[in-house]
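In this note's numbering, the protein residues as written are -7 to 110. Data first, discussion second: the structure below is written as structure tokens.
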């Protein structure tokens, strides 16, 4: 779970939607992520920074990204960096970069929001 700009987001593990909760209004909604990942064990954790919620992939082949202001949701392919299951265990944001801790991967993955940033 992560918090940013008044919204809590829960990354989907087995679900097909990311759960969103705006605490000041009590609004709850889901964001379909099936165009980013399908199956079980999609994502382990989520972090917030620079207006983005970013999910660390477990079995997914993509990082989950959701821009809160626009509502746009997309995935970033990571198969050129790591393949297989149980890729990344956690994620943190600081100083303009999201860093994902390796689970069974041989790399630590850094994502700088912007084009061609893996």
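Think of the CB as a built atom: it goes at the ideal place given N, C-alpha and C, for glycine as much as any other residue. Computed from a prediction, not measured in an experiment: that's the story for all the values here.
With a threshold of 16 other beta carbon atoms within 10 Å, residue 20 falls short and is exposed. At a Cβ-Cβ threshold of 8 Å, residue 50 and residue 80 count as neighbours. Taken through DSSP and simplified to helix, strand or coil, residue 15 comes out as coil. The beta carbons of residue 13 and residue -1 sit closer together than 8 Å.
Burial state of residue 58 is buried, judged by a 10 Å Cβ sphere holding 16 or more other Cβ atoms.
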